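S.K.:
Number of protein chains: 2
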Amino acid sequence: MRIGILGGTGPAGRGLAVRLAAAGDEVVLGSRDAERAASEAAGLVEAWPDHTLAISGASNGECAAAELIVMATPWNGAVATVKPLADSLAGKVVVSMANALVKEGREFLALMPPRGSVAATLQAELPTSLVSASFHHLPASEMEKLTTPMSADVLVCSDHPEASEATVALVDRIDGLRGIDAGSLSQAAAIEAFTAVLITVNIRHKVHAAVQLAGFSEV
Amino acid sequence: MRIGILGGTGPAGRGLAVRLAAAGDEVVLGSRDAERAASEAAGLVEAWPDHTLAISGASNGECAAAELIVMATPWNGAVATVKPLADSLAGKVVVSMANALVKEGREFLALMPPRGSVAATLQAELPTSLVSASFHHLPASEMEKLTTPMSADVLVCSDHPEASEATVALVDRIDGLRGIDAGSLSQAAAIEAFTAVLITVNIRHKVHAAVQLAGFSEV
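Quick mapping for you: the protein sequence lines, in order, are chains A and B.
Position 128 (the first sequence) corresponds to 128 in our numbering; numbering is contiguous.
Position 176 (the second sequence) corresponds to 395 in our numbering; numbering is contiguous.
(1) Excluding five sequence neighbours on each side, which residues of the same chain lie with their C-beta closer than 7 Å to the C-beta of B:V438?
(2) Kindly say whether B:F354, judged by its beta-carbon, lies nearer than 8 Å to any beta-carbon of chain A.
(3) Smallest Cα separation from A:A65: which of A:A78, A:V82, A:T73 and A:P49?
(4) Are A:G30 and A:E144 closer than 8 Å when you measure CB to CB?
(5) Looking at B:E259: is its Cβ nearer than 8 Å to the Cβ of B:G276?
(6) At a Cβ threshold of 8 Å, is A:D159 touching chain B?
(7) I'd like to know whether the C-beta of B:S336 is nearer than 8 Å to at least one C-beta of chain A.
(8) I'd like to check one pair, A:D159 with A:Q123: are the Cβ atoms closer than 8 Å?
(9) Looking only at C-alpha atoms, which of B:T419, B:A409 and B:E286 sits nearest to B:L349?
(10) Of all Cβ atoms in chain B, is any one closer than 8 Å to the Cβ of A:I191?
(11) Consult DSSP for B:D400 and reduce its assignment to one of helix, strand or coil.
(12) To the nearest angstrom, report how far apart B:S383 and B:D400 are at their CA atoms.
(13) To the nearest whole angstrom, what separates the beta carbons of B:V386 and B:G398, a pair I think is in contact under 8 Å?
(14) Scan the segment 243-301 of chain B and note each continuous beta strand (DSSP E) run of 3 residues or more that stays entirely inside, going in chain order.
(15) Counting contacts by CB-CB distance shorter than 8 Å, is A:A210 in contact with chain B?
(16) Span of the alpha helix (DSSP H) holding A:D87?
(17) Quick one: which chain A residues come within Cβ less than 8 Å of B:R423?
(18) Against chain A, with Cβ distances strictly below 8 Å, would B:A231 count as a contact?
(19) On the three-state DSSP scale, how would you describe A:V219?
(20) Assign B:G232 to one of three DSSP states: helix, strand, or coil.
(21) Using the Cα positions of A:K206 and B:A257, report the straight-line distance between them to the nearest angstrom.
(22) Taking contact to mean at least 3 C-beta pairs separated by less than 8 Å, is the segment 82-99 of chain A in contact with the segment 125-142 of chain A?
(23) Would a C-beta distance cut-off of 8 Å place B:V430 and A:V79 closer than the cut-off?
(24) Answer with yes or no whether the minimum CB distance from B:E281 to chain A is below 8 Å.
(25) Could you tell me which chain B residues have their CB closer than 8 Å to the CB of A:T200, listed as they occur along the chain?
(26) First and last residue of the alpha helix (DSSP H) that includes B:Q342?
(27) From what residue to what residue does the beta strand (DSSP E) around A:V207 run?
(28) Quick one: Cα of B:G226 to Cα of B:L263, how far?
(29) My understanding is that B:F354 touches B:V337, with C-beta atoms under 8 Å, so please give their C-beta distance in whole angstroms.
(30) Less than 8 Å between CB atoms is the rule here; does A:V219 satisfy it with respect to chain B?
(31) Buried or exposed: which applies to B:A261, given that a residue is buried once 16 or more other Cβ atoms fall within 10 Å of its Cβ?
(32) Under a CB-based cut-off of 8 Å, is A:S151 close to chain B?
(33) Look at the Cβ atom of A:L146, then the Cβ atom of A:H51, and state whether they are nearer than 8 Å.
(34) Look at the alpha carbon of B:P230 and the alpha carbon of A:A193, and state the distance between them as a whole number of angstroms.
(35) B:Q406 bridges to which residues according to DSSP?
(36) For a cutoff of 8 Å on Cβ pairs, would you count B:V314 as touching chain A?
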């Protein structure tokens, strides 16, 4: 599948791009600066010569032409990024992975966006897109290292069943990750905010912890 | 240790009482109705004849005389419960385990208490107590069944290092649980809210999922 990652040159976008490309997807990193996107994409491909990674770079506008879109800009740039792209994104699944966080001393704290979550804010901005929220709790730095095995449960929520399904399937394509449908987009507020707790645990205990749901196994 | 569980006759309190008593602690279930507390306590002791469980029942007032206090009332009764007990609770560790949740269809949604979390609301109400937040993500129904093995990481946060330490130690005494210091009481908002996501996952997928932090191991 051809996947566009808006704001794909940041740590979250790069990490996801590498894992999706390793799973066989074609990934377009989007950026306000198409040249920077192209150079970041080339850097990722070169970094893993043992893999054939189909990662290219483009402007956010071209990136938005992909089949499925991931929003990986920082939370405070999310609305400004999607606003001019609303037409390209209409009818498509748009996966929101940003968290509204602020650093305070040795902790990260969750902020409450006006609609409760970044994802709900995007859905309000893109009423004809199928917004889902996912990929919040994964340590970006580890994602980018293809040599680090991942083992995590990845929560997915959306108001659109087809977006939840497509996003769970997207997560499942990545080695070691399991997508879990966690309900409506109302859950995004708590899912995003919980990222602050995980990062704080990681800082305090010098770990790269990811979430697993014990006792969760579907036949 | 002698532990008082305010509102201990509810599912959360009963589950925790059984596990702590099985770990060798002396537990006092508190309730507005001391007789009901005594009868619930007797019921728990009788339910597990192979264990010697030191669980008794008392009024919330007597319960508050214990060394360490757990607040297990429903979230909307928390302030009214502790207000008259402030003097007994002064200087003590008070562990808040309530979550402000509301059911909507087949989901639970997190509400935002005026101070961000139930725990922060209790700390504001009890300025001379050492409030911590913990035990939010454990399935109450499973806690009460001593025959069900538990395997979960339990997040703890507080503004008082000694309360975090005492609460992590309390969690660690329960077989299968590991306490993890997750920072200041500011984290309670996200920890409490995340309970809504877990319960929703449990409902949707018919599981009793608990949180484990993969990649977290301290030497």
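All residues carry an ideal CB built from backbone N, CA and C; glycine is no exception.
A quick note: this is a predicted structure, and the numbers were derived from the prediction, not measured.
M.R.: This is what the structure holds:
(1) Low confidence applies here, because B:V438 scores a pLDDT of 35, under 50, leaving its location unreliable; read the following figure in that light. The answer is none, since no qualifying residue turns up.
(2) For B:F354, the answer is no, since every Cβ of chain A falls outside 8 Å of its Cβ.
(3) When C-alpha distances from A:A65 are compared across A:A78, A:V82, A:T73 and A:P49, the shortest belongs to A:V82.
(4) It is not a contact, given that the beta carbons lie outside the stated cut-off.
(5) Result yes, Cβ atoms of B:E259 and B:G276 sit closer than 8 Å.
(6) Answer no: the Cβ-Cβ gap between A:D159 and chain B never drops below 8 Å.
(7) Closer than 8 Å: no.
(8) Yes.
(9) Ranking B:T419, B:A409 and B:E286 by Cα distance to B:L349 puts B:E286 first.
(10) Output row for A:I191: interface = yes.
(11) When DSSP states are grouped into helix, strand and coil, B:D400 belongs to the strand group.
(12) Distance between the alpha carbons of B:S383 and B:D400: 6 Å.
(13) Looking at the sequence provided, one finds Thr at residue 386 of chain B rather than Val. About 7 Å separates the beta carbon of B:T386 from that of B:G398, a gap short enough to meet the 8 Å contact definition.
(14) As far as the segment 243-301 of chain B is concerned, its whole beta strand (DSSP E) runs of at least 3 residues are 245-250, 273-278 and 287-290.
(15) True, the Cβ-Cβ gap to chain B drops below 8 Å.
(16) Annotation: the continuous alpha helix (DSSP H) that includes A:D87 extends over A86 to L89.
(17) Here the neighbours are D181, A182 and G183.
(18) No, B:A231 lies away from the interface with chain A (no Cβ there is under 8 Å from its Cβ).
(19) Confidence at A:V219 is low in this model, with a pLDDT of 35, below 50, so its placement is unreliable and the value that follows should be read with caution. Collapsing the DSSP output to three states places A:V219 in coil.
(20) Here B:G232 sits in helix by DSSP.
(21) Looking at the two C-alpha atoms, the distance is approximately 45 Å.
(22) Yes: the two stretches touch, three or more of their Cβ pairs being nearer than 8 Å.
(23) Result no, Cβ atoms of B:V430 and A:V79 do not sit closer than 8 Å.
(24) Answer no: the Cβ-Cβ gap between B:E281 and chain A never drops below 8 Å.
(25) Neighbours of A:T200 on chain B, chain order: A401, G402 and Q406.
(26) For B:Q342, the enclosing alpha helix (DSSP H) has its first and last residue at V337 to E344.
(27) Neither: A:V207 is in no beta strand (DSSP E) and is coded neither H nor E.
(28) Between B:G226 and B:L263, the C-alpha separation is close to 15 Å.
(29) Going by Cβ atoms, the distance from B:F354 to B:V337 rounds to 12 Å, so no, they are not a contact pair.
(30) For A:V219, the pLDDT reaches just 35, beneath the cut-off of 50, and the residue's location in the model is therefore unreliable, leaving the point undetermined.
(31) Only exposed fits B:A261, as fewer than 16 other CB atoms lie within 10 angstroms of its CB.
(32) Chain B, which has a Cβ nearer than 8 Å to the Cβ of A:S151, makes this yes.
(33) Yes; because the gap between Cβ atoms is below 8 Å, this pair is in contact.
(34) Cα to Cα, B:P230 sits roughly 26 Å from A:A193.
(35) DSSP lists no partner for B:Q406.
(36) So, not an interface residue.
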